[in-house]
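Before any comments, here is the structure.
Number of protein chains: 2
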Amino acid sequence: MTIYDVSEKAGVSIATVSRVLNGSKNVSEKTRTKVLDTIRQCGYTPNAFARGLGLNTMNTIGILCADSSDPYLAKAVYYIERKLRANGYDSLLCCTGYELDDKISSIRLLLTKKVDGIILVGSNFIYEKDFENKYISDAAARIPVMLLNAVLDVPNVYSIVSDDFTSMYQAALEMTENGVRDVLYFYNSTSYSGKKKLEGYRAAMAEKELLSEALIQYFPGSHEDVHAMTKHLMTLNRQGLRFHGVLASDDILALAAVKFAKEMHYRIPEDFSVSGYNNSMLATCCDPELTSIDNKLETLCQHLITILVGVLAGNEMPKKTVFSGEIIKRGTTRRPCRIT
Amino acid sequence: MTIYDVSEKAGVSIATVSRVLNGSKNVSEKTRTKVLDTIRQCGYTPNAFARGLGLNTMNTIGILCADSSDPYLAKAVYYIERKLRANGYDSLLCCTGYELDDKISSIRLLLTKKVDGIILVGSNFIYEKDFENKYISDAAARIPVMLLNAVLDVPNVYSIVSDDFTSMYQAALEMTENGVRDVLYFYNSTSYSGKKKLEGYRAAMAEKELLSEALIQYFPGSHEDVHAMTKHLMTLNRQGLRFHGVLASDDILALAAVKFAKEMHYRIPEDFSVSGYNNSMLATCCDPELTSIDNKLETLCQHLITILVGVLAGNEMPKKTVFSGEIIKRGTTRRPCRIT
DNA sequence: TTCACATATGTAAGCCCTTACATTTGCTAT
DNA sequence: ATAGCAAATGTAAGGGCTTACATATGTGAA
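Top line first, the protein sequences correspond to chains A and B.
Residues 591 to 930 in our numbering are what the first sequence lists, from first letter to last.
Residues 591 to 930 in our numbering are what the second sequence lists, from first letter to last.
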């Protein structure tokens with residue numbers, strides 16, 4: 591069933607059928623209905639390939655995501671996909687994993703598939719020079735590349751980021767001001783956001799003259815293994831490192847800190863404070879509930895698509911957009927002692 | 591940059607280039623390397639549309655998922671995507687949400703895009719007759735349709751399911767045998783799996799002559815809102831419903847049960863038992879850790895792809911495959927009192 | 001050397017659309 | 001009635017690839 595069959599049945603030329611299909615103006619109402627009727631009647635579906643060949647686009651955006659099973663990234667993918675579809679685009683999803691080679695081949699693949707744009711979600715790899723230089727720029731030379739929570743100064747690459755520096759800076763500041771002087775920073779990601787968060791922590795601690803490199807702790811294991819994270823903290827403690835507060839770069843790390851505190855029989859938040867990041871479902875699942883930083887993921891994603899759509903429409907769009915986050919205070923941090 | 595440019599530069603015909611590209615046997619080693627070199631040299635990428643036009647396939651599988659931000663479904667999508675890519679297929683992701691119309695249009699879209707197969711993940715809608723009859727069958731008439739944790743007896747539709755009936759049956763049996771007589775069943779999904787779980791619970795309770803409809807409680811709210819879930823249980827309690835155990839159809843509902851128990855100052859598991867489902871990250875995040883049923887999602891997904899690939903290769907494949915789950919016992923359920 | 005045959009390469013006909021350009025139709029203004 | 005013009009429709013040329021079929025090249029046996 592092709593456009594020829596339809597044109598024959600409707601008694602018009604294929605050009606007219608094509609015009610009807612594409613909503614061209616120059617078709618009389620009479621022929622339009624006639625054609626639409628026959629199309630419906632014989633259940634014709636245009637061949638997307640032929641269409642793509644002609645138009646050189648299939649209205650598809652590639653989403654590159656290291657690990658869509660990570661709840662935070664999954665949410666991002668979800669928001670992006672929905673917003674994209676609302677704008678008439680489809681999403682080709684590539685979960686690359688964390689290997690550089692896989693990422694490279696994924697970008698290749700997306701290019702081959704003639705996607706109209708690429709969105710990088712959770713680009714922990716932005717800073718691997720090879721990747722950055724050779725592959726992102728290459729892709730950007732052809733189609734716009736959108737970065738969620740990452741920044742790269744390359745033409746045709748657009749960034750939407752949350753102000754993680756300030757959020758973490760604030761969180762650290764507040765925790766120290768509430769009397770916790772030995773705040774441990776617990777992280778497991780070296781992404782752009784990850785670095786910004788760490789910088790924020792550093793800035794705040796330095797400002798208070800409390801900065802100590804020993805308190806900055808990287809967790810190298812699985813992103814899901816709370817046990818291992820807790821154990822990591824226990825080990826540090828056993829090695830003599832003292833801390834009575836944890837600023838985590840992720841809610842799950844924060845949860846591990848809560849577990850640690852419980853095991854140590856610290857009272858939360860009286861003896862021990864914890865603050866998470868992302869304000870995920872996990873934050874309200876534990877006991878006490880987690881103070882966490884909400885970085886407005888949905889807003890970020892929404893804006894990202896707005897910009898992408900703008901770029902694709904040929905408009906001039908901002909290269910970098912920053913949104914600020916918000917500390918959602920719950921049970922794992924103390925309230926400031928207001929002096930009345 | 592087309593195949594013509596390459597053929598010219600390499601001094602061969604386009605057919606030869608095409609053969610090299612498609613790994614045809616009838617090419618001498620000498621020409622092959624020559625062509626591959628020029629391809630690499632001028633950075634040629636085949637046009638997927640033209641390719642699709644010729645081959646009438648683009649090696650793409652459509653994934654239909656109600657809500658990929660649900661951690662369980664996100665994991666499924668992740669496993670599926672990775673396995674698919676390992677087999678040379680790409681994934682077109684459609685997050686349909688829970689509206690029937692959106693699902694229908696998503697299927698249409700996937701068909702238009704000429705995907706080679708469709709995978710339905712989290713098909714809570716399988717039993718909406720309209721959908722089932724008109725759209726799934728329509729799609730299956732053209733391409734294979736794979737159902738994860740759902741069953742539909744329609745030609746060209748294949749099902750991979752976990753034996754949720756038995757898992758829940760076992761869990762209920764054990765809980766009663768450990769002395770909990772008033773086990774509440776707490777669920778929020780009416781999917782195929784959801785129904786099977788409920789049936790399992792019913793069967794076990796009936797067997798023990800403990801079945802009471804009042805103990806079967808549906809939670810209608812957001813799938814993420816632990817507070818609302820907890821509140822729901824509190825309300826039931828206030829209304830006079832007594833229960834000292836909860837079998838939840840999902841870990842997050844189980845978490846709500848744990849919160850409820852804590853609020854009631856029940857000791858877990860001495861006074862109150864809880865069992866979750868899916869053995870998600872949540873299970874090890876709370877305190878005490880959740881007993882939960884692991885339904886081997888990765889295995890299911892892996893097998894699903896194996897079958898899909900088989901079907902696409904033209905092989906005869908089983909219409910329905912069942913995997914059994916496993917109860918992962920943790921801190922929210924009692925151990926059986928072994929009589930020595 | 002020559003023939004028969006296998007292997008390598010080339011030619012050209014699709015695949016199904018879109019769209020520039022050509023042609024026809026239907027009006028209005030004269 | 002007719003020129004002149006806009007709107008509707010048609011014709012045909014790609015778009016970049018695959019592949020059946022035709023042709024050329026190379027091999028070993030007679």
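Here a beta-carbon is modelled for each residue, glycine too, at the ideal position from N, C-alpha and C.
How about Pro859 of chain B and Thr923 of chain B: are their beta carbons less than 8 Å apart?
yes
What separation, rounded to the nearest whole angstrom, lies between the Cα atoms of Glu671 of chain A and Arg857 of chain A?
42 Å
When DSSP labels each residue in this structure, what does Ser681 of chain A get in the three-state scheme?
strand
Going along chain B in order, which residues have a C-beta closer than 9 Å to the C-beta of Asp595 of chain A?
Neighbours of Asp595 of chain A in chain B, taken as residues at a C-beta separation under 9 Å, are lacking, since the least C-beta distance is about 16 Å.
Do the segment 751 to 763 of chain B and the segment 722 to 732 of chain B meet, that is, are 3 or more Cβ pairs less than 8 Å apart?
No, because fewer than three Cβ pairs between the segment 751 to 763 of chain B and the segment 722 to 732 of chain B fall closer than 8 Å, the two stretches do not touch.
Ordered along the chain, which non-local residues of its own chain (more than five positions away) have a Cβ less than 7 Å from that of Arg792 of chain B?
Leu801
Taking Met854 of chain B as the reference, give the member of B:Gln631, B:Phe833, B:Lys724 with the closest Cα.
B:Phe833
State the Cα-Cα distance for the pair Asn972 of chain B and Glu879 of chain B, rounded to the nearest angstrom.
In the structure displayed, chain B extends from 591 to 930; residue 972 of chain B sits before or after that span and is not available.
With a threshold of 8 Å between beta-carbons, can Met871 of chain A be considered close to chain B, or not?
yes
When you compare only the Cα positions, how much space is there between Glu689 of chain B and Ala666 of chain A?
The straight-line gap separating the alpha-carbon atoms of Glu689 of chain B and Ala666 of chain A is approximately 20 Å.
Does the distance from the C-beta atom of Val711 of chain B to that of Leu738 of chain B stay below 8 Å?
Closer than 8 Å, so yes.
Between the C-alpha atoms of Ser781 of chain A and Thr650 of chain B, what's the straight-line distance to the nearest angstrom?
30 Å
Can you tell me the Cβ-Cβ gap for Pro636 of chain A and Ala664 of chain B, rounded? I've got them flagged as a contact below 8 Å.
Their Cβ separation, rounded to whole angstroms, is 32 Å, which puts Pro636 of chain A and Ala664 of chain B out of contact at 8 Å.
Am I right that Asn778 of chain B and Ser839 of chain B are in contact with their C-beta atoms under 8 Å? What's the rounded C-beta distance?
7 Å
DSSP three-state label for Leu707 of chain A, please.
Reading the sequence as shown, one finds Gly at residue 707 of chain A and not Leu. Strand.
Leaving out five residues before and five after Val602 of chain A in sequence, what residues of the same chain have Cβ atoms less than 7 Å from its Cβ?
Thr621, Val625
Is the number of C-beta pairs between the segment 795 to 815 of chain B and the segment 741 to 754 of chain B that are closer than 8 Å three or more?
These segments do not touch.
Roughly how many whole angstroms lie between the Cα atoms of Cys876 of chain A and Leu872 of chain B?
9 Å
Would Leu898 of chain B count as contacting chain A if we go by Cβ distances under 8 Å?
no
Drop a sphere of 10 angstroms on the beta-carbon of Leu645 of chain A, count the other beta-carbons inside from all chains shown, and report buried for 16 or more, exposed for fewer.
By the neighbour-count rule (16 or more Cβ atoms within 10 Å), Leu645 of chain A is not buried but exposed.
Using DSSP bridges, identify the partner residues of Met736 of chain B.
Answer by DSSP bridge pairing, in chain order: B:Ile709, B:Tyr748.
Where Pro908 of chain B falls, given that 16 or more other Cβ within 10 Å makes a residue buried:
exposed
Could you please give me the residues that DSSP links to Glu916 of chain A through a beta bridge?
A:Asp884
By how many angstroms is the C-alpha of Met795 of chain A removed from the C-alpha of Arg771 of chain A?
Each residue's Cα considered, the two are about 9 Å apart.
Which of helix, strand or coil does DSSP assign to Gln807 of chain B?
strand
Please check the pair Ser863 of chain A and Ser882 of chain A, which I expect to be a contact at CB under 8 Å, by giving their CB distance rounded to whole angstroms.
That pair is no contact at about 13 Å.
Which class does Leu845 of chain B belong to by DSSP, given the choice of helix, strand or coil?
helix
Could you check the C-alpha separation between Lys786 of chain A and Glu814 of chain A for me, to the nearest Å?
As the crow flies, the alpha-carbon of Lys786 of chain A is around 22 Å from that of Glu814 of chain A.
Name the chain B residues whose beta carbon is nearer than 7 Å to that of Leu845 of chain A?
Cys875
Look at the alpha carbon of Ile917 of chain B and the alpha carbon of Ala844 of chain B, and state the distance between them as a whole number of angstroms.
14 Å
Given a cut-off of 8 Å, decide if Gly921 of chain B and Ser752 of chain B are closer than it, judged by their beta-carbon atoms.
no
Contact check, Ile897 of chain B vs Tyr748 of chain B, beta carbons under 8 Å:
yes
Separation of Tyr669 of chain B from Glu888 of chain B, as counted between CA atoms
6 Å
Could you spell out the range, first to last residue, of the alpha helix (DSSP H) harbouring Leu826 of chain A?
816 to 828
Would the beta-carbon of Leu902 of chain A fall within 8 Å of that of Asp706 of chain A?
yes
Return the chain-ordered list of same chain residues with a C-beta closer than 7 Å to the C-beta of Asp884 of chain B, the five sequence neighbours on each side being excluded.
Asn869, Gly915, Glu916, Ile918
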